[in-house]
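Residue numbers (the numbering used here), protein chains in the order written: chain D, 2 to 213; chain F, 2 to 213.
Beta carbons are placed, not taken as given, at the ideal position from N, Cα and C, and that holds for glycine.
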DNA sequence: AGAACTTGCAACACGGATGACGCAACTTCG
DNA sequence: CGAAGTTGCGTCATCCGTGTTGCAAGTTCT
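Below, the structure written as structure tokens:
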């Protein structure tokens, strides 16, 4: 992807990031916003946006690609394969939430953006299913729920939690996982989920800088 | 609101409904679709659409208003105040799902469309909260979850369930309520929710014709 | 300092969507 | 049947967003 173009100058690269962030800010509020509004929000001339992104389409795809990298990094950083399912679920949730809060629009477009994006998304999906498998084996997940439905509910809850900006990602994740597993009904027999006040420093995706 | 215009002729009224349904069909797939595409899907000339709806904006608002009426009717038909919370919750869910499946786009626009729409939505929201209050009092809802969060999770699940067109609304509602209350984790102490195979003929909103 | 790069500005071309008319043919309804 | 209402079609005007280009001024990097 874009291998022929040589690296941008430092200031140009900063401009690109500024534009991407502004685009996310603007488009999340109004998906039909014009390039001009995005440029204005970025404090940049409209033509500059067009210099960096050939078309509106390529801008959106670039956003998706950038967000997807953050997404994958967030999942990686949680090391879902190397921890007990419950812990892994919480870690992944917290990390993903952190990304989703800032890149909601770019991530909500689904894998309809590009090939690479689709690949990463389906890969993460597979990992999610695997995690749920382990969770099921460990008795954390009920056996009589279809994995597909479980994943969809999980995604839906993440989407919802990301909307409410109240509270730290860790707290949101705690409430989310609790709701996912126990629902909002009376959890009769179970002890309260040990996710109420977690302290271990979760590997943060924002601190880990990927290829850049 | 548009009280000065006298009633349309029967065929014109049919045209309006046809356009609204086509618009829902088209816009749910592509929110940026043009008026022409909508007209084509409705089997109508573009100018006719413009004759009935002054602007694109008014078309969308009309859709929201129509969908909102169906929505309110669906809630009404379930009589949430006159049944045990659990039953009411199921009935409301099934009825609302039936509407949401067909009017997903028009309903997803939130109450940002018009004053009347906003009023009905907040009214329904209040009813939802009241239902949850009763459910809580009846021991069907846990005490330690914020009502706001519970409602948001409920809405999110409805949104998600409406996306998957697989199965009858009743089945979807059953699974939805089950998930809402018990989550996807092991429900240790509780007997399986009695919502697995419900038979009582739920009052259907589509059979009840509101002001028209 | 000097070459290479980047940006803002102004202007232009272009396409598509929107919205408004008038008119002839058709349908509804009294 | 006949008046009123409705629709399709062609046409026109207009606006808005997109995408491009050239040039002068500023910035980065060596």
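### Message
Which residues in chain D have a C-beta closer than 9 Å to the C-beta of residue 60/F? List them in chain order.
### Response
Those within 9 Å of residue 60/F in chain D number zero; the least Cβ separation is about 15 Å.
### Query
Roughly how far, in whole angstroms, is the beta-carbon of residue 61/F from the beta-carbon of residue 114/F, given that I think they are within contact range, below 8 Å?
About 7 Å separates the two Cβ atoms, so the contact holds.
#### Entry: Pair within 7 Å by beta-carbon distance, residue 67/D and residue 98/D
The Cβ atoms of residue 67/D and residue 98/D lie no closer than 7 Å to each other.
### Task
Starting from the C-beta of residue 90/D, find all residues in its chain whose C-beta is less than 7 Å away, skip the five residues before and the five after it, and write them out in chain order.
Excluding residues within five positions, the ones whose Cβ falls inside 7 Å are 132, 136 and 178.
### Query
Along chain D, in chain order, which residues have C-beta atoms closer than 8 Å to that of residue 157/F?
Simply 157, 158, 160 and 161.
#### Entry: Member of 69/F, 70/F, 71/F and 96/F whose CA lies at the smallest distance from the CA of residue 81/F
Answer by Cα proximity: 96/F.
### Message
If distances are taken between C-alpha atoms only, which option among 164/D, 153/D and 163/D comes closest to residue 159/F?
### Response
Considering only alpha carbons, the answer is 153/D.
### Message
Looking at chain F, is there any beta carbon in it that lies within less than 7 Å of the beta carbon of residue 151/D?
### Response
Interface residue, yes.
### Query
Buried or exposed: which applies to residue 9/D, given that a residue is buried once 16 or more other Cβ atoms fall within 10 Å of its Cβ?
Taking every protein chain shown into account, the CB of residue 9/D has fewer than 16 other CB atoms within 10 angstroms, so this residue is exposed.
### Query
Hey, residue 184/F and residue 184/D are a contact pair by Cβ (cut 8 Å); roughly how many whole angstroms apart?
Contact between residue 184/F and residue 184/D is confirmed by a C-beta separation of about 4 Å, below the 8 Å threshold.
### Query
Are there 16 or more other CB atoms within 10 angstroms of the CB of residue 134/F, so buried, or fewer, so exposed?
With a threshold of 16 other beta carbon atoms within 10 Å, residue 134/F falls short and is exposed.
### Query
Grouping DSSP H, G and I as helix and E and B as strand, with all else coil, what is residue 9/F?
Coil.
### Query
Considering only C-alpha positions, which residue in the set 174/F, 16/F and 151/F is nearest to residue 101/F?
Taking only the C-alpha atoms, the option nearest residue 101/F is 174/F.
### residue 44/F (DSSP reduced to helix, strand or coil)
Coil at residue 44/F, not helix or strand.
### Distance, residue 34/D Cα to residue 110/F Cα
Here the alpha carbons of residue 34/D and residue 110/F stand approximately 16 Å from one another.
### Message
In whole angstroms, give me the CA-to-CA distance for residue 52/D and residue 71/D.
### Response
Their backbone Cα atoms lie some 24 Å apart in a straight line.
### Query
If you count every other CB in all the chains shown that lies within 10 Å of the CB of residue 186/D, and 16 or more means buried, which is it?
Answer is buried; the Cβ neighbour count reaches 16.
### Query
Closest by CA to residue 26/F, which one among 138/F, 39/F and 16/F?
Between residue 26/F and the set 138/F, 39/F and 16/F, the nearest pair of CA atoms involves 39/F.
#### Entry: residue 144/D - DSSP class collapsed to helix/strand/coil
Under the three-state reduction of DSSP, residue 144/D is assigned to coil, being neither helix nor strand.
### Message
Any C-beta of chain D within less than 7 Å: which residues of the region 116 to 148 of chain F qualify?
### Response
Residues 140, 141, 142, 143 and 146.
### Query
Out of curiosity, what's the CA-to-CA distance linking residue 147/D and residue 130/D?
For the pair residue 147/D and residue 130/D, the Cα-to-Cα distance works out to about 11 Å.
### Message
Which same chain residues end up closer than 8 Å to residue 54/D when comparing Cβ atoms and leaving out the 5 residues on each side of it in sequence?
### Response
Closer than 8 Å at Cβ, skipping near neighbours: 20, 60 and 63.
### Message
Can you list, in chain order, the residues of its chain with a C-beta nearer than 7 Å to that of residue 162/F? Leave out the 5 residues immediately preceding and following it.
### Response
Result list for residue 162/F: 98, 173 and 177, in chain order.
### Task
Confirm, please, whether the CB-CB distance from residue 121/F to residue 73/F is below 7 Å.
Result yes, Cβ atoms of residue 73/F and residue 121/F sit closer than 7 Å.
### Query
Sorted by chain position, which residues of the same chain lie with C-beta nearer than 7 Å to residue 7/F's C-beta, five sequence neighbours on each side aside?
Setting aside the 5 residues that flank it on each side, residue 7/F has no residue in the same chain whose C-beta is closer than 7 Å to its C-beta.
### Task
Measure from the alpha carbon of residue 58/D to the alpha carbon of each residue in 30/D, 171/D and 36/D, then state which is nearest.
If you compare the alpha carbons of 30/D, 171/D and 36/D with that of residue 58/D, the shortest gap goes to 36/D.
### Task
Keeping to the same chain, check which residues put their C-beta closer than 7 Å to that of residue 23/F; ignore five residues upstream and five downstream.
Once the five neighbours on either side are set aside, the close Cβ partners of residue 23/F are 39, 42 and 43.
### Message
Within the continuous alpha helix (DSSP H) that includes residue 54/F, where are the two ends?
### Response
Here residue 54/F belongs to no alpha helix (DSSP H), and DSSP marks it neither H nor E.
### Query
Which value, in whole angstroms, describes the spacing of the CA atoms of residue 117/D and residue 92/F?
Going by the C-alpha atoms only, they are around 43 Å apart.
### Query
Of the choices 123/D, 157/D and 45/D, whose alpha-carbon is the least far from that of residue 180/F?
Considering only alpha carbons, the answer is 157/D.
### Task
Using the Cα positions of residue 31/D and residue 138/D, report the straight-line distance between them to the nearest angstrom.
Spanning the two alpha carbons is a distance of roughly 43 Å.
### Query
If you measure from the beta carbon of residue 183/D to each beta carbon in chain F, is any gap under 7 Å?
Taking a beta-carbon distance threshold of 7 Å, residue 183/D counts as an interface residue toward chain F.
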